[in-house]
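In UniProt numbering, the protein residues as written are 1 to 150.
The C-beta atom is built at its ideal place from N, Cα and C for all residues, glycine as well.
Note that the structure is a prediction, hence the values are computed from the model and not measured.
I have placed the structure first, in the form of structure tokens, so that the comments after it can refer back to it.
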Amino acid sequence: MPVDLRTHDPSDDVQINPRTNKAAIIRLLYTNPNYGFTPSEIHSRLDDIPKGSITGTLTRLLNDGDIGKTADGYYHALESRDDLRRFARGLVQVQTLTDRYNDDFTPDDIEQTDDHPASNTQSETRQHSSANKEPAPEDWIESVDDSEQA
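This is how it looks when you write it as structure tokens:
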């Protein structure tokens, strides 16, 4: 999969796409670090992922050292993986934002600055708006020397 070099940080330990089954399972396990889950329990909480995919993904995560497994078959978060805990917390925050703003959130809702205008139309509107213009020096009130008036 290609990497966007503008945002790529090679020192980032977590190389998991947030929109994958891996990310969903990491999120579940690392936001519930005191619990172990069977594949069936994970499937019941993540019902949009096929059960066969859950088993395969759990195996890959376990082999990669991202999660642990008890002797009796419960998958769990690892205490030593603070990076994955932060990753899962970030996934929760993104989900909270998308739930809060739902489909009503558009690029127009983002505050724009003059450095990065949303579109040329908004930029042109700003330039032609006389309400926001600063007066030109010739429009300033002329100062009057008080000594000449006496």
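- For Tyr30, the secondary structure class from DSSP, reduced to helix, strand or coil, is helix.
- Put simply, the stretch 81 to 95 does not touch the stretch 34 to 43. Fewer than three CB pairs are less than 8 Å apart.
- The beta carbon of Gly36 is closer than 6 Å to those of Thr70, Tyr74 and His76 in its chain, skipping five residues each way along the sequence.
- In the structure shown, Gly73 adopts coil according to DSSP, grouped into three states.
- Non-local C-beta neighbours of Thr57 in its own chain, meaning closer than 7 Å and more than five positions away in sequence, comprise Asn21, Lys22 and Ile25, ordered along the chain.
- Taking all protein chains in view, the Cβ of Tyr30 is crowded by 16 or more other Cβ atoms within 10 Å, so the residue is classified as buried.
- Between the C-alpha atoms of Ser53 and Tyr101 there is a straight-line separation of about 30 Å.
- Annotated three-state conformation of Gly56 is helix, per DSSP.
- Asp66 and Arg27 have their C-alpha atoms some 12 Å from each other.
- In the DSSP annotation of this structure, the continuous segment of the alpha helix (DSSP H) that includes Ile42 starts and ends at Pro39 to Arg45.
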